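Colleague:
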Amino acid sequence: MTATPPQPAAPTPRRKVSRHRGEGQWAAGHFTPLNGNEQFKKDDDGLNVRTRIETIYSQQGFDSIDPNDLRGRMRWWGLYTQRKQGIDGGKTAILAPEELDDRYFMLRVRVDGGALTTRQLRVVGEISQEFARGTADITDRQNVQYHWIRIEDVPEIWNRLEGVGLSTVTACGDTPRVMIGSPVAGIAEDEIIDATPALEEMKRRVLGNPAYSNLPRKFKTAISGSPVLDVVHEINDVAFVGVHHPEHGPGFDLWVGGGLSTNPKLGVRLGAWVPLDDVPDVYEGVLSIFRDHGYRRLRNRARLKFLVADWGAEKFRRVLEEEYLGRALADGPAPAEPAARWRDHIGVHRQRDGRFYVGFAPRVGRVDGATLTKLADLAEAHGSGRVRTTVEQKMIILDVEEAQVDSLVESLEALDLTARPSSFRRGTMACTGIEFCKLAIVETKARGSSLIDELERRIPDFDEPITINLNGCPNACARIQVADIGLKGQLVLDDDGKQVEGYQVHLGGALGLDPGFGRKVRGLKVTAAGLPDYIERVLKRYQAEREDGERFAT
Ligand code: SF4
1 MTATPPQPAA PTPRRKVSRH RGEGQWAAGH FTPLNGNEQF KKDDDGLNVR TRIETIYSQQ
61 GFDSIDPNDL RGRMRWWGLY TQRKQGIDGG KTAILAPEEL DDRYFMLRVR VDGGALTTRQ
121 LRVVGEISQE FARGTADITD RQNVQYHWIR IEDVPEIWNR LEGVGLSTVT ACGDTPRVMI
181 GSPVAGIAED EIIDATPALE EMKRRVLGNP AYSNLPRKFK TAISGSPVLD VVHEINDVAF
241 VGVHHPEHGP GFDLWVGGGL STNPKLGVRL GAWVPLDDVP DVYEGVLSIF RDHGYRRLRN
301 RARLKFLVAD WGAEKFRRVL EEEYLGRALA DGPAPAEPAA RWRDHIGVHR QRDGRFYVGF
361 APRVGRVDGA TLTKLADLAE AHGSGRVRTT VEQKMIILDV EEAQVDSLVE SLEALDLTAR
421 PSSFRRGTMA CTGIEFCKLA IVETKARGSS LIDELERRIP DFDEPITINL NGCPNACARI
481 QVADIGLKGQ LVLDDDGKQV EGYQVHLGGA LGLDPGFGRK VRGLKVTAAG LPDYIERVLK
541 RYQAEREDGE RFAT
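Okay, so the sequence shown: first residue is 1 according to full-length UniProt numbering, each after it adds one.
#1: Under 7 angstroms: does the beta carbon of residue 267 sit that close to some heavy atom of the ligand SF4?
#2: Whole angstroms is fine: what's the gap from residue 420's alpha carbon to residue 349's?
#3: Could I get the ranges of all uninterrupted beta strand (DSSP E) runs contained in the region 172-207, with 3 residues as the minimum, in chain order?
#4: Opposite residue 357 in the DSSP bridges: which residues?
#5: Using only the alpha-carbon positions, how far apart do residue 59 and residue 44 sit?
#6: Express the C-alpha separation of residue 218 and residue 377 in angstroms, rounding to a whole number.
#7: Restricting to Cα atoms, I'd like to know which of 549, 195 and 162 is closest to residue 280.
#8: Using only the heavy atoms of the ligand SF4, determine whether one of them is closer than 7 angstroms to the beta carbon of residue 100.
#9: Determine the closest residue to residue 39 out of 176, 166 and 215, with distance taken between C-alpha atoms.
#10: Just reading off the beta strand (DSSP E) that residue 392 is part of, what are its end residues?
#11: With a 10 Å radius around its C-beta and 16 neighbouring C-beta atoms as the bar for buried, classify residue 276 as buried or exposed.
#12: Got a sec, what are the start and stop residues for the alpha helix (DSSP H) residue 534 sits in?
#13: Near residue 152, what residues of its chain come up, given a Cβ to Cβ distance below 7 angstroms and the 5 sequence neighbours on each side ignored?
#14: On a Cα-Cα basis, can you pick out the residue from 119, 180, 243 and 71 that is closest to residue 100?
#15: Is the region 386-394 close to the region 183-191, with three or more CB pairs under 8 angstroms?
#16: So the candidates are 310, 234, 337 and 221; which of them puts its Cα closest to the Cα of residue 285?
#17: Let me know if residue 455 comes out buried or exposed under the rule of 16 or more other beta-carbons within 10 Å of its beta-carbon.
#18: What are the uninterrupted segments assigned as beta strand (DSSP E) that are 3 or more residues long and contained completely in the region 115-158, given in chain order?
#19: Put residue 221 into one of helix, strand or coil per three-state DSSP.
#20: Can you name the residues that DSSP bridges to residue 501?
#21: Which residues in the same chain have their Cβ closer than 6 angstroms to the Cβ of residue 473, if we skip the five residues on either side of it in sequence?
#22: How about residue 410 and residue 355: do their beta carbons lie closer than 8 angstroms?
#23: Just confirm the distance between the C-beta atoms of residue 479 and residue 260, as a whole number of angstroms; I'd bet it's less than 8 angstroms.
#24: Count the other C-beta atoms from every protein chain shown that fall within 10 angstroms of the C-beta of residue 497, then say buried if there are 16 or more, exposed otherwise.
#25: Which residues in the same chain have their Cβ closer than 6 angstroms to the Cβ of residue 396, if we skip the five residues on either side of it in sequence?
#26: What are the boundary residues of the alpha helix (DSSP H) that residue 342 is part of?
#27: Report all residues from its chain with a CB closer than 6 angstroms to the CB of residue 444; omit the five preceding and five following residues, and keep chain order.
#28: Tell whether a beta-carbon distance below 8 angstroms holds between residue 368 and residue 135.
#29: Start and end of the alpha helix (DSSP H) containing residue 319?
#30: Assign residue 167 to one of three DSSP states: helix, strand, or coil.
#31: Please find out if some non-hydrogen atom of the ligand SF4 comes closer than 7 angstroms to the beta-carbon of residue 172.
#32: Can you look up residue 25 in the DSSP assignment and give me helix, strand or coil?
#33: Taking only three categories from DSSP, how would you classify residue 82?
#34: What is the DSSP secondary structure of residue 438, reduced to helix, strand or coil?
#35: Since I believe residue 467 is in contact with residue 530 (beta carbons under 8 angstroms), could you give me their beta-carbon distance rounded to a whole number of angstroms?
#36: What three-state label does DSSP hand residue 102 in the structure shown?
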């Protein structure tokens, strides 16, 4: 992808001016920026920072970077400064942002649909080893995330990524982020509909398009035709979920307005059925509603979920149909309840073409460049060269002949990438945490990994699906609100009254079957050191008291 030429920051909205001016919507005539974020977006489109990175910052170094680019527009190309090393979580809230900034960056590579070829995976692994000190995390939105990136190396990294069809464009920022897709799209035996053509067209229309590069905030997308509901559709701004329409056949059920973080909300169904060919138009319609009507006055009300909550599903659908699509959508059914309790595609599964796919579990999404390169070798030796990432920070190798399955599974085990994980290895996720994140208060990745080992040792017979999600701060990057056991990082008091790393506990969240947010157990905070004891107690009690088939969330 090449640099985007300068464009007007604010596209002219198509809506007439409304009387409601209170939330800073463009559709209400609010083009005067009402906060610092809106101002820097109006001053210059975030996409344009690429030219400055290529021609100035990468040549002249970190100190040449304009502060508005450093803490604002660089996100439009997937770059955030990482946390300066050695600053403990107690200082997160009291230090100025510039005191937390390291001179290195996190760089997010978007992997729409989680789809990678081995050629791409090899390049991802090489970049990790050459430019990112070996780091590479699989995120819970199917992306790859590097750390330790120097600004000087960014143009070369882009060259290599774009040479194999990958990009960091709008991987962060107030933009359409990565589009989550079923990692087994087009191959699963039980698939209702393959969403791949729609996802490709959505990318073609939107990525790098200045019409969508100044949204009120981030915009998250999910699409899947899998009956196991494998894209966490309930917590995306827009989601398309495969359904069989009794008259029209396979298509998608449309959801809008889901999101976690501040005021978490599950998405709502609009009751509309969308055929495959119409998905890109509907997607652009919802995206445009967000751009034009989304709230821009207060940052913490700038997600689509607040507009959906105020309008309701009926009005949202009417505006979409009448003002953006110019046609009515057919009514349609809700998705059926998934039969499977795990939705992560881990293990060995038959494809519709008779071959197999093998899903396996890195620890809390952490891999490294050398491992990714070896994985590319394995996928080529055993499959056709197609690899997928999942929204559970896991991975899948596709197209494996039956005779090759055992050898692949054993080879993966040798890389500590098991296709037969314990419930704990399978169900534990962790965000970036204090190792690299400037907002973090506590450690997450290493702690999640050691927690898995501890629980496997202490409760080896635990075989129920369970999700344990660790966040390093009150944000929601690891989806703590919808985990069986959600752990929100904060400083807590230990028995001696000393402030130490710990977690606020949320219990009983779920997606899929009976979705809902976990209950914050009043006053229940555990120290990091006491975490294995606490979880062991909770799970042993559940084992002892559960009725037949009773899930943890209930
Ligand atoms: Fe950083 Fe907090 Fe997100 Fe974790 S949840 S990655 S600590 S912002």
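Beta carbons are placed, not taken as given, at the ideal position from N, Cα and C, and that holds for glycine.
All values reported here derive from a predicted model rather than from experimental measurement.
Modeller: Concretely, from the data shown:
#1: Here residue 267 corresponds to residue number 267 of the sequence shown, with the count starting at 1. No, the ligand SF4 has no heavy atom inside 7 angstroms of this Cβ.
#2: Here residue 420 refers to the residue found at position 420 when the sequence shown is read from its first residue. Here residue 349 refers to the residue found at position 349 when the sequence shown is read from its first residue. So the alpha carbons of these two residues sit roughly 12 angstroms apart.
#3: Those beta strand (DSSP E) runs which fall completely within the region 172-207 and span 3+ residues are 176-181.
#4: Counting from one through the sequence shown, the residue named residue 357 turns up at place 357. Residue 357 is bridged to 349.
#5: For this step, residue 59 is matched to residue 59 along the sequence shown. For this step, residue 44 is matched to residue 44 along the sequence shown. Whole-angstrom Cα-Cα distance: 21 angstroms.
#6: On the sequence shown, position 377 is the one that residue 377 refers to. On the sequence shown, position 218 is the one that residue 218 refers to. If I take the Cα positions, the gap works out to 35 angstroms.
#7: Start at 1 with the first residue of the sequence shown, and residue 280 comes out as number 280. Here the closest residue by C-alpha is 195.
#8: Here residue 100 is taken as the residue at index 100 of the sequence shown, counted from 1. Not under cutoff, so the answer is no.
#9: Counting from one through the sequence shown, the residue named residue 39 turns up at place 39. The shortest C-alpha separation from residue 39 is found at 215.
#10: Position 392 of the sequence shown, counted from the first residue, corresponds to residue 392. If you look at residue 392, you'll find it isn't in any beta strand (DSSP E); DSSP assigns it neither H nor E.
#11: Taking the sequence shown and counting its residues from 1, one reaches residue 276 at position 276. Burial call: buried.
#12: Here residue 534 is taken as the residue at index 534 of the sequence shown, counted from 1. First-last of the alpha helix (DSSP H) with residue 534: 531-545.
#13: Counting from 1 along the sequence shown, the entry for residue 152 is found at position 152. Exclusion of the five residues before and after residue 152 leaves 58 and 61 as the residues of its chain whose Cβ lies within less than 7 angstroms of its Cβ.
#14: If you number the sequence shown from 1, residue 100 lands on position 100. Comparing alpha-carbon positions, the option among 119, 180, 243 and 71 lying closest to residue 100 turns out to be 71.
#15: Verdict: yes, contact present.
#16: Working through the sequence shown from its first residue, we reach residue 285 at position 285. The residue with the shortest Cα to Cα distance from residue 285 is 221.
#17: On the sequence shown, position 455 is the one that residue 455 refers to. Counting Cβ neighbours within 10 Å, residue 455 comes out buried, since at least 16 surround it.
#18: For the beta strand (DSSP E) assignment, the uninterrupted runs of no fewer than 3 residues enclosed by the region 115-158 are, from N- to C-terminal side, 115-117, 135-138 and 144-149.
#19: Sequence index remark: in the sequence shown, residue 221 carries index 221 (1-based). Residue 221 falls in the strand class under three-state DSSP.
#20: By one-based count along the sequence shown, residue 501 stands at place 501. As computed with DSSP, residue 501 is found in a beta bridge with 491.
#21: Along the sequence shown, one-based indexing puts residue 473 at 473. Shown here for residue 473: same chain residues with a beta carbon closer than 6 angstroms to its own, the five before and five after excluded, namely 439, 440, 441 and 489 in chain order.
#22: Here the question's residue 410 lines up with position 410 in the sequence shown. Here the question's residue 355 lines up with position 355 in the sequence shown. Not in contact: residue 410 and residue 355 (Cβ atoms no closer than 8 angstroms).
#23: Numbered from 1 along the sequence shown, position 479 holds the residue referred to as residue 479. Numbered from 1 along the sequence shown, position 260 holds the residue referred to as residue 260. Residue 479 to residue 260, Cβ: 6 angstroms. Contact.
#24: Working through the sequence shown from its first residue, we reach residue 497 at position 497. Exposed, since its Cβ has fewer than 16 Cβ neighbours within 10 Å.
#25: By 1-based counting over the sequence shown, the position of residue 396 is 396. Spatial neighbours of residue 396 in its own chain (CB-CB distance under 6 angstroms, excluding positions within 5 residues in sequence) are listed in chain order as 183, 345, 357, 359 and 388.
#26: Taking the first residue of the sequence shown as position 1, residue 342 is located at position 342. Where residue 342 is concerned, there is no enclosing alpha helix (DSSP H), given that its DSSP letter is neither H nor E.
#27: In the sequence shown, counting from the first residue as 1, residue 444 sits at position 444. Correct list, in chain order: 430, 431, 433, 470 and 472.
#28: Along the sequence shown, one-based indexing puts residue 368 at 368. Along the sequence shown, one-based indexing puts residue 135 at 135. Yes, the pair counts as a contact, with Cβ atoms nearer than the cut-off.
#29: Residue mapping note: residue 319 aligns to position 319 of the sequence shown, counting from 1. Here the alpha helix (DSSP H) through residue 319 covers 304-319.
#30: Stepping through the sequence shown from its first residue, residue 167 is reached at position 167. DSSP, read as helix, strand or coil, puts residue 167 in strand.
#31: Numbered from 1 along the sequence shown, position 172 holds the residue referred to as residue 172. Flag unset: Cβ of residue 172 not near the ligand SF4.
#32: Reading the sequence shown from its first residue, position 25 is the one you call residue 25. Residue 25 falls in the coil class under three-state DSSP.
#33: Position 82 of the sequence shown, counting from 1, holds the residue named residue 82. DSSP places residue 82 within a strand segment (E or B) once states are collapsed to three.
#34: Start at 1 with the first residue of the sequence shown, and residue 438 comes out as number 438. Residue 438 falls in the coil class under three-state DSSP.
#35: Translated into positions along the sequence shown, residue 530 becomes position 530. Translated into positions along the sequence shown, residue 467 becomes position 467. The Cβ separation is near 20 angstroms, so there is no contact.
#36: Within the sequence shown, the letter at position 102 stands for residue 102. Residue state for residue 102 is assigned as strand, using DSSP reduced to three classes.
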